[in-house]
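Everything below concerns the one structure shown next.
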Amino acid sequence: MDAKELGSIKGWFAGRLPDGWFVGVEVTVEDDQIVVLGALPEVDLGSTPEEKEGAAAGRISRFREETRGDRIRIAQEAEERFHKYVTWGATMGGVTKRFNPGGGGRSSGDRRVMIGRWLRRHGRGRHGAGTPSAPSSTSQVF
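Going by the numbering used here, the first residue of the sequence shown is number 20, and it counts up by one from there.
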């Protein structure tokens, strides 16, 4: 991958990510995937290192759940545009978590099935709300 293509990917994500998600974002390309690692705003959530680490992990988990639908849509757009998978991650207070596409240990076919089910359950299939989605030739990510 050349610098121009990487710059295009970074610029697209800088313009596409919703305001307020991250206080900083790092976009890299590893093999066939784009990795978006965002820094969440720091908050004081504990007095001991263990409490702070646990609170940061909890905030990252909350971010993951609250943004899942939006991240899926953004990843679909990026995959169509750049022909690469998208993996998300977040960092806060020294804790970093990467959100594996569709969960750990699954093949890309399983990811498509899992995400297709999530989209249909939430009325967000590719063919309109409430309509079952046709199988996709590209995988989608959480």
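A virtual CB, placed ideally from N, CA and C, is assigned to each residue, including glycine.
Since the structure is predicted, the reported quantities are computational estimates derived from the model, not experimental observations.
* Would you kindly work out how many angstroms separate the C-alpha atoms of residue 37 and residue 84, rounded to a whole number? => As a first step, residue 37 is located in the sequence shown; it is residue number 18 there, counting from the start. As a first step, residue 84 is located in the sequence shown; it is residue number 65 there, counting from the start. Residue 37 and residue 84 have their alpha carbons spaced roughly 15 Å apart.
* Can residue 111 and residue 59 be called in contact, C-beta distance under 8 Å? -> As a position in the sequence shown, residue 111 is number 92, starting the count at 1. As a position in the sequence shown, residue 59 is number 40, starting the count at 1. Cβ atoms of residue 111 and residue 59: closer than 8 Å.
* Asked: Using the rule of at least 16 other Cβ atoms within 10 Å of the residue's Cβ for burial, across every protein chain shown, is residue 122 buried or exposed?
  -> Taking the first residue of the sequence shown as 1, we reach residue 122 at position 103. Low local confidence applies: a pLDDT of 43 at residue 122 is under 50, so the model's placement there is unreliable, with the coordinate-based value given in what follows. It is exposed - the Cβ of residue 122 has fewer than 16 other Cβ atoms within 10 Å.
* Asked: Out of curiosity, what's the CA-to-CA distance linking residue 24 and residue 48?
  -> For the purposes of this step, residue 24 is taken as the residue at position 5 of the sequence shown. For the purposes of this step, residue 48 is taken as the residue at position 29 of the sequence shown. Each residue's Cα considered, the two are about 10 Å apart.
* Report the rounded CA-to-CA distance for residue 41 versus residue 86, giving the unit in angstroms. => Stepping through the sequence shown from its first residue, residue 41 is reached at position 22. Stepping through the sequence shown from its first residue, residue 86 is reached at position 67. Taking the straight line from one Cα to the other gives about 12 Å.
* Please work out which residues of its chain come closer than 6 Å, Cβ to Cβ, to residue 45, disregarding the five sequence neighbours upstream and downstream, and give them in chain order. => Translated into the one-based positions of the sequence shown, residue 45 becomes position 26. Counting only Cβ-Cβ distances below 6 Å, and skipping sequence neighbours, we find 56.
* From residue 113 to residue 53, what does the alpha carbon distance come to, in whole angstroms? -> For the purposes of this step, residue 113 is taken as residue 94 along the sequence shown, with counting starting at 1. For the purposes of this step, residue 53 is taken as residue 34 along the sequence shown, with counting starting at 1. Straight-line Cα distance between these residues: approximately 22 Å.
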